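Number of protein chains: 2
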Amino acid sequence: MQQSIRVISLGVADLKRSRSFYTDGLGWSALLDVDEIVFYQAGFGLLFAIWPLEDMTTDVGSTLQPGSSFSLGHNVDSPQEVDQIVNLAREAGATVLKEPQDAPLFGGYHAYFADPDGYLWDIVYNPGLSVADDGTVSLGAPDA
Amino acid sequence: MQQSIRVISLGVADLKRSRSFYTDGLGWSALLDVDEIVFYQAGFGLLFAIWPLEDMTTDVGSTLQPGSSFSLGHNVDSPQEVDQIVNLAREAGATVLKEPQDAPLFGGYHAYFADPDGYLWDIVYNPGLSVADDGTVSLGAPDA
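Chains as they are written, first to last, in our numbering: chain A, 14 to 157; chain B, 14 to 157.
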């Protein structure tokens, strides 16, 4: 498993309130701001996302516990790598909350596991996410 | 405030267990592994840290609530910037949990605030942390 975190996602109680805090209050510029989620670039090849906790709960498919209301996204280049990393994590003692599967939400393939403290890792193959040489992340349609 | 996250820190119940999971289980290489904390490089200019939740609680100086057992570290270049960002966040509605102050733990200056959901931001001036042109982070003594 490569040592890489691509997305930090916070499950928030009120998306409008959080958007106001980060965008208006702290002055951050959104990379993508839609009704359901807001993404901000937060470093070289790094995204910071806020989305409703209820949507995150639905996506994870498991009741979110204290300490697991956010996730760390690890992106890979193929569905096979998602499978491999989830197997590796399972052998290491992780609890797999969502087995690797297609993700209609973004047109890819992903899985969730929880580390020993319950912290969530989202292992993701997302053909629509790319990182330019200067670290800028793009979210869009798969290669046309 | 620049859009930058430099460190993702998880407060963990059992450091040995978590080190075993990430280092032995997932095969990550530590940048710094000492009794109190383990740092891993997790991207360009990005660190991932695990440290005992009790130490994090002491550092924050506030009881950690569900959803705030981890922090996002935003590093700046001077103590004055810490003050400025904390003021900005306060005006935006953040709860300041630890006013800007010297940090004997790492020889810098920092503050903690909580966003609207209670997610912790650690605003840090750490003269011992530097990022090379290739994104490699170094943790060491301040400039000799």
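Backbone N, C-alpha and C define an ideal beta-carbon position, used for all residues, glycine too. The structure displayed is predicted, hence computed values, not measured ones.
Apply the 10 Å Cβ neighbour rule to A/Pro117 and answer buried if 16 or more other Cβ atoms are within range, or exposed otherwise. It counts as exposed.
C-beta neighbour in chain B for A/Arg32, strict 8 Å: Output row for A/Arg32: interface = no.
Suppose the cutoff is 6 Å on Cβ atoms and the five residues either side in sequence are ignored; what does the same chain contact list for B/Val51 look like? Here the set comprises Arg32, Ala43 and Ile63.
What three-state label does DSSP hand A/Thr108 in the structure shown? DSSP places A/Thr108 in strand when its eight states are reduced to three.
Assuming B/Val137 and B/Gly86 are in contact, meaning their beta carbons sit under 8 Å apart, how far apart are those beta carbons, in whole angstroms? Yes, B/Val137 and B/Gly86 are in contact; Cβ-Cβ is about 6 Å, under 8 Å.
Ignoring anything shorter than 3 residues, give me the beta strand (DSSP E) runs that lie fully in the stretch 41-72 of chain B, in order along the chain. Runs found: 43-46, 51-56 and 59-65.
Can you have a look at A/Ala127 and say buried or exposed, based on whether 16 or more other CB atoms are within 10 angstroms of its CB? Under this definition A/Ala127 is a buried residue.
Would you give the residue range spanned by the alpha helix (DSSP H) that A/Leu28 belongs to? Leu28 to Arg32 is the span of the alpha helix (DSSP H), which, as asked, contains A/Leu28.
Can the beta-carbon of B/Arg19 be found closer than 8 Å to that of B/Leu59? Taking a C-beta distance under 8 Å as the contact criterion, B/Arg19 and B/Leu59 qualify as a contact pair.
Close Cβ partners of A/Ala102 (< 6 Å) along its chain, the five nearest in sequence each way excluded: If we look at A/Ala102 and ignore the five residues flanking it on each side, its Cβ neighbours are Phe126.
Amino acids of chain A, ordered along the chain, whose beta-carbon sits closer than 8 Å to that of B/Pro129: Contact of B/Pro129 with chain A by beta-carbon distance below 8 Å involves Val25, Ala26, Asp27, Arg30, Ser31 and Phe34.
Assign A/Ala145 to one of three DSSP states: helix, strand, or coil. Here A/Ala145 sits in coil by DSSP.
Among A/Ile98, A/Ala145, A/Pro65 and A/Gly74, nearest to B/Pro129 - alpha-carbon criterion: Selected option, being the one with the closest Cα: A/Pro65.
Please confirm whether A/Trp64 has its beta-carbon closer than 8 Å to some beta-carbon of chain B. Answer no: the Cβ-Cβ gap between A/Trp64 and chain B never drops below 8 Å.
Within 10 angstroms of the Cβ of B/Ser84, are there 16 or more other Cβ atoms? Answer buried if so, exposed if not. Counting the other CB atoms within 10 Å of its CB gives B/Ser84 a total of 16 or more, which places it among the buried residues.
Measuring only the C-alpha atoms, how far is A/Ser91 from B/Gly40? Distance from the CA atom of A/Ser91 to the CA atom of B/Gly40, rounded to whole angstroms, is 20 Å.
Quick one: which chain A residues come within Cβ less than 9 Å of B/Gly56? From the beta-carbon of B/Gly56, the residues of chain A found nearer than 9 Å are Gln16, Ser17, Ile18, Arg19, Gly56, Phe57, Gly58 and Leu59.
Helix or strand or just coil, what does DSSP make of A/Tyr35? Helix at A/Tyr35.
Can you look up B/Asn139 in the DSSP assignment and give me helix, strand or coil? Of the three classes helix, strand and coil, the one that applies to B/Asn139 here is coil, per DSSP.
By Cβ distance below 6 Å, which residues in the same chain neighbour B/Thr108 in space, the five residues on each side in sequence not counted? Ala127, listed in sequence order.
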